[in-house]
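As structure tokens, the structure follows; a few thoughts come after it.
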Amino acid sequence: MLDDLRHTWQALLRHPGHALLSLLTLSCGLGFAIYAAGVYFSFTAGDLPFPEPERLVAIEASRDGERSQAKSVHYLDLLEYQRQTPSLEGLLPLQTGIATLGGHKQYPANFQVAHVPAEIWPWLGAAARPQLGRALQASDSQPGAAPVAVIGAELWRRFLGADPSIVGSRLKINGVDTEIVGVLPGALRFPMTQELWLPFRPPAGPLTRGQSYSMGTPQHVLALGRLKPGASREQATNELNLSAQRLAQDFPASNRRVGALALPYAAWGMPDVEMIYLGLAGAGALLLALVCLNTANLLLARSNERRQELAVRAALGAPRGRLVMQMLIETWLLCLVAAALGVFFSAWALEATQQAVAATADGRMPFWIHFAMRPQAALVGLGLSLLTALATGLLPAWRASAVDLTAVLRDGRGGQGRASGRFARALVCLQIALSSLLLLASGLQTYVVHQRLTAGTGARMEGVLTARLTPRQAEYSGNSDAARAARDGLWNRLEARLAEAAASAGARLALSTSLPGGGMIDTDEILPEGMTVQENHYPLGGNYRINAGFFQAMEVKLLAGREFGPQDRVDSLKVAVINQNFAQQHWPGQDPLGKRFAIVEGEAQKRIGPWITVVGVTPHLLQGTGRERGLRAANFYLPISQHAPGEMGIALVGVPDNTASRELLARAVAQTDPGLALEQVFSAEERQRIAHGGEDVMAAMSLILGLLTLGLASSGIYGVTSRAVQLRSQEIGVRRAVGANDAQLMRMLLGQALRLLALALPLGLLGGALALAGELGSSLPLGLGVTAVALLITGLVLFSTWLPARRALRQSPTAALNSA
Amino acid sequence: MNPNSKQHSQAVEVPLIRLQGIQKSFLSDELETRALDEVSLEVRSGEFLAVSGPSGCGKSSLLSILGLLDSPSAGRYELNGQRVDQLDKRARALLRNRQIGFVFQAFNLIGDLNVEDNVALPLSYRPEMSRPERRARVAEALAQVDMAHRARHHPAQLSGGQQQRVAIARALVGQPSLILADEPTGNLDPRNAELVMELLQSVHARGATLCMVTHDPRYAALAQRTVALFDGRLVADLPTAALYPGSAKAAAGASAVAEAL
Chain A
4 MLDDLRHTWQ ALLRHPGHAL LSLLTLSCGL GFAIYAAGVY FSFTAGDLPF
54 PEPERLVAIE ASRDGERSQA KSVHYLDLLE YQRQTPSLEG LLPLQTGIAT
104 LGGHKQYPAN FQVAHVPAEI WPWLGAAARP QLGRALQASD SQPGAAPVAV
154 IGAELWRRFL GADPSIVGSR LKINGVDTEI VGVLPGALRF PMTQELWLPF
204 RPPAGPLTRG QSYSMGTPQH VLALGRLKPG ASREQATNEL NLSAQRLAQD
254 FPASNRRVGA LALPYAAWGM PDVEMIYLGL AGAGALLLAL VCLNTANLLL
304 ARSNERRQEL AVRAALGAPR GRLVMQMLIE TWLLCLVAAA LGVFFSAWAL
354 EATQQAVAAT ADGRMPFWIH FAMRPQAALV GLGLSLLTAL ATGLLPAWRA
404 SAVDLTAVLR DGRGGQGRAS GRFARALVCL QIALSSLLLL ASGLQTYVVH
454 QRLTAGTGAR MEGVLTARLT PRQAEYSGNS DAARAARDGL WNRLEARLAE
504 AAASAGARLA LSTSLPGGGM IDTDEILPEG MTVQENHYPL GGNYRINAGF
554 FQAMEVKLLA GREFGPQDRV DSLKVAVINQ NFAQQHWPGQ DPLGKRFAIV
604 EGEAQKRIGP WITVVGVTPH LLQGTGRERG LRAANFYLPI SQHAPGEMGI
654 ALVGVPDNTA SRELLARAVA QTDPGLALEQ VFSAEERQRI AHGGEDVMAA
704 MSLILGLLTL GLASSGIYGV TSRAVQLRSQ EIGVRRAVGA NDAQLMRMLL
754 GQALRLLALA LPLGLLGGAL ALAGELGSSL PLGLGVTAVA LLITGLVLFS
804 TWLPARRALR QSPTAALNSA
Chain B
-12 MNPNSKQHSQ AVEVPLIRLQ GIQKSFLSDE LETRALDEVS LEVRSGEFLA
38 VSGPSGCGKS SLLSILGLLD SPSAGRYELN GQRVDQLDKR ARALLRNRQI
88 GFVFQAFNLI GDLNVEDNVA LPLSYRPEMS RPERRARVAE ALAQVDMAHR
138 ARHHPAQLSG GQQQRVAIAR ALVGQPSLIL ADEPTGNLDP RNAELVMELL
188 QSVHARGATL CMVTHDPRYA ALAQRTVALF DGRLVADLPT AALYPGSAKA
238 AAGASAVAEA L
């Protein structure tokens, strides 16, 4: 074995070109796969600072076996689960949200808050041991207890100037005078991103189950459990599901088909991780397959050169298994070194990803997620390198070891028979199919993401300062008449103050429940006038509320009709401005002005709301990130004066994002209500960039994947195709001997290449198109992509055939006849 | 079979092959190697010529030039009265297809094609020939070499002797003026070698002009005439009977040995 290793090492050094090319190819594929594994483990491995973190489980409701969202467990269900899950040592409810914290010397600000029961702190161990003061205790949750809070050390330093007298001081939290009783370590963001903790109290009001399935209501909570020593999550899930089945029988309206899942802590609030990883893993697997093809071809060519050596070894008594092992050792060595290189480059790529994500996460990334190389990913790399070595090297090794001793030793020829030819053609087909699939998929993905990132919103984006305001004080919360009236008054006063502030800065004011280019998407079912609806299937429309003069402020020229104005009051005709898509989808070829539609309210029992008259038509504005129906969305805009929202996006148009502008904005809000806190204060462009979040990263990855694929496809197609031609050197010599001229031979070779292309290319293109069909808004980019990839691959194949064929035809027929 | 090949050159004195002062040099690493040096030779239509000599004497180079696979560095080559040494590649290919058949030591059958397709290969470069005519010629050639029953088999399924018979069929199917055989028995066992030589003799007997490179004096003795090369030069050109005095007995002896095997 040592001799074999030594000989292999020397052989690699003697053929540095082959070794380097194989190494480069392998490290591309392995590097990407290791990177994908690194991303997965960064999400799921979770450097949780708690004692025995594997015993902490997040309990989520499921519907028909599928996960719902984080706040999915009804409080009454939780009480039942607490009683009936013996594998859990404890099961505790939590609530999360955003709270407005009034500072001592600065404007209020919003922070992520968690309402937690006192029993949870021992589960968190030293990570939750207070630096100052105390943690929350059971008495703090009692009805009538004085409001208290615990804050994180980062918040204390950042927002409160690390005030040494913080413990015992009082701050307004959501307008409520609250005593700060403790400061927890800065690294803690329990349960996910929170740095402010309040005592948990059961949901207010009478606890009732709904008449239909629901989630995310004030009566739904997060649930955290702790397994007993030796118990498993599967056990807990089974027990929870038994309870859920009993609840379904007792309360079919709300609990039918509802189950429960016990998930690892790190899965909390991360529903899309598996989808992200599947996408990455899929791309990584395809790239690795392409790499394996390329490397297998290189190894096949190499093994061809070693036939004489292998024949001599076999003649001297080496068993076949030993010959195979000798060939495999070379592949393993290359794969191991490539994996090491892959780990190195992946570590760098993960660090770059961490920086990119951190810049756009805006505090939304759970605290345990840090993109970095982990031992698990390196182990995956090691495992993959062994698998790749087998996948890449086993077949060439097996074929090379099956040498016709007599033929090779007599005259150096090995009889390239039908099997060799078929195999070579199969390699060419596979290479073409895989390359075109990956090129099309990565190219389209890059295009799609680039389009989204660079798509204009339809409104002015530069020189626009934006912010978000969600009044969280008690007087503004809820659906009571008093709360609605309070909100109406708030928005009126706010609009007046902000308009004054904007005017003083020479700017314009725009208010919207969701500003273009990155805000939330809010959709409602609608009934356009004249439409007949089947089985309660109403179309959806994006619902956004704006102030009068919004479109003018955002420099959007209406296509027809008018903006909202002072005549659009709460007691006047209900009006709306619709976008072009809405008009085209529901009233094609008609004048939409004067048409009416209604919003459909309710879930189980749907009812048609009052008719709303269209008074204006706007060009399409990009609401959200464009990912969700994006450019095809049918949106409608309602005046704030008639539909007061619960939260508001603010845009000062015509001011830079600097301290002065931010101060102007904050002062206007503070003058309206000193307890209000602005959040997400960014320029419009920054806001859009943050909203796209990981898409920047995805775009970069797609581009890298595309470039890697292009390089691998080019070298791979050239490698397999030219090798297929070289294998036919002898045949070319024979054909020339019987009278074929160069033109006839070239036509034959190119024709055969085109036939293989015709077989493999459509398969690859179909695969690539299917992979991204759902992402594309129209068929145009797909058509262009298919054409571009088809032309590129065809060009590559023809060039890769023509060049070696030209070389073979330059060879004298005698030399060709003697080659094999 | 080219009807002209049956006509000896009594009435028409133009030899099938005329080489005058043929030279072939190879340049490698700035070193010139002269494979053929002033070789002059004539071969009449219907003649069976053996080319012998030690390894590296230029036999295969001579055959390559005769077969228009290679061009001489100097000298003149006439084939059937036409000067061919200065033809371009396309014209040489056309002539090879129409007038020359090859039999190689290593058979050189194409592994991907079956026997029938291998034999049909020269005809596939004659677009004027119809498919039925092509099939008929292939069948005739295979019958000549007694391989019609293996038409659908692939070379890997045949023995060495069978492969060489197929190669001979391929050489015959185009009805060439000239058949060039380069060590046709070199890769065969004695029995199959004997059978192949019998086949070649029968081909010659039917009027083909045959030039055969061989090491083996038993097989050289079967030719009418032998030319010997040494260091690229033609050093002997004699009737075989003169070169191998016991050639008839040698031929008979070789057959007896083959029969005993």
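If you're matching them up, the sequences are chains A and B in order.
Residue numbering for the first sequence follows the working numbering, beginning at 4 and increasing consecutively.
Residue numbering for the second sequence follows the working numbering, beginning at -12 and increasing consecutively.
Virtual Cβ for every residue (Gly too), placed ideally from N, Cα, C.
These numbers were taken from a predicted model, which means no experiment stands behind them.
Per-residue contacts from residue i into chain D (C-beta, under 9 Å)
i, result
"Q814/A", "Although the question refers to chain D, the structure presented lacks it and instead comprises the protein chains A and B."
Selection from the options that minimises the alpha carbon distance to residue i
i, options, result
"A429/A", "E333/A, A299/A and R487/A", "A299/A"
"S445/A", "G228/A, G709/A, R635/A and Q588/A", "G709/A"
"P194/A", "P659/A, F370/A and M704/A", "F370/A"
"T181/A", "Q85/A, E55/A, T391/A and G105/A", "G105/A"
"A343/A", "P378/A, E312/A and H373/A", "P378/A"
"S217/A", "N495/A, R66/A, T457/A and L596/A", "R66/A"
"V102/B", "V125/B, D24/B and E115/B", "V125/B"
"R670/A", "A499/A, M368/A, D143/A and A40/A", "A499/A"
"N297/A", "C432/A, L187/A and A818/A", "C432/A"
"R160/A", "N177/A, R310/A and P188/A", "P188/A"
Chain B contact for residue i (CB, 7 Å cutoff)
i, result
"T457/A", "no"
"T724/A", "no"
"A819/A", "no"
"N744/A", "yes"
Proximal chain A residues relative to residue i, where beta-carbon distance stays under 7 Å
i, result
"I97/B", "E734 and V737"
Any C-beta of chain A under 7 Å from that of residue i
i, result
"S146/B", "no"
"F89/B", "yes"
"Y64/B", "no"
"N84/B", "yes"
"A223/B", "no"
"S15/B", "no"
"R80/B", "Inspection of the sequence shows that residue 80/B is occupied by Ala rather than by Arg. It does; some Cβ of chain A falls within 7 Å."
"S12/B", "no"
"S60/B", "no"
"R51/B", "One point to set straight first is that residue 51/B is Ser, not Arg, in the sequence displayed. So, interface residue."
"Y206/B", "no"
Bounding residues of the beta strand (DSSP E) (the contiguous stretch that carries residue i)
i, result
"G1/A", "One cannot answer for residue 1/A here, as it falls past the ends of chain A, which runs 4 to 823."
"D527/A", "T526 to P531"
"Y43/A", "Not the beta strand (DSSP E): Y43/A falls in the alpha helix (DSSP H), residues P19 to T47."
"K11/B", "I4 to S15"
"T516/A", "First-last for T516/A: undefined, no H or E at that position."
"G545/A", "L543 to I549"
"G88/B", "I87 to V90"
Cross-chain neighbours of residue i in chain B, by beta carbon under 9 Å
i, result
"A824/A", "Summary: the structure shown does not reach residue 824/A, with chain A confined to residues 4 through 823, and so no result is reported for it."
Chain A contact residues for residue i, given Cβ-Cβ distances below 8 Å
i, result
"L108/B", "V737, R738 and V741"
"K76/B", "N744 and D745"
Proximal chain B residues relative to residue i, where beta-carbon distance stays under 7 Å
i, result
"G424/A", "G98 and D99"
Alpha helix (DSSP H) segment containing residue i, residue limits
i, result
"T240/A", "R236 to D253"
"M199/B", "It is not in any alpha helix (DSSP H) - M199/B instead sits in the beta strand (DSSP E) that spans T196 to V200."
"K175/A", "K175/A -> not in any alpha helix (DSSP H); beta strand (DSSP E) instead, spanning R173 to I176."
"S146/B", "Where S146/B is concerned, there is no enclosing alpha helix (DSSP H), given that its DSSP letter is neither H nor E."
9 Å Cβ cut-off: residues of chain A touching residue i
i, result
"L56/B", "G736, R739, A740, S815, P816, T817 and L820"
Could you name the residues of the stretch 157 to 185 of chain B whose beta carbon sits closer than 8 Å to any beta carbon of chain A, in the order they occur along the chain? R157, G161 and N174
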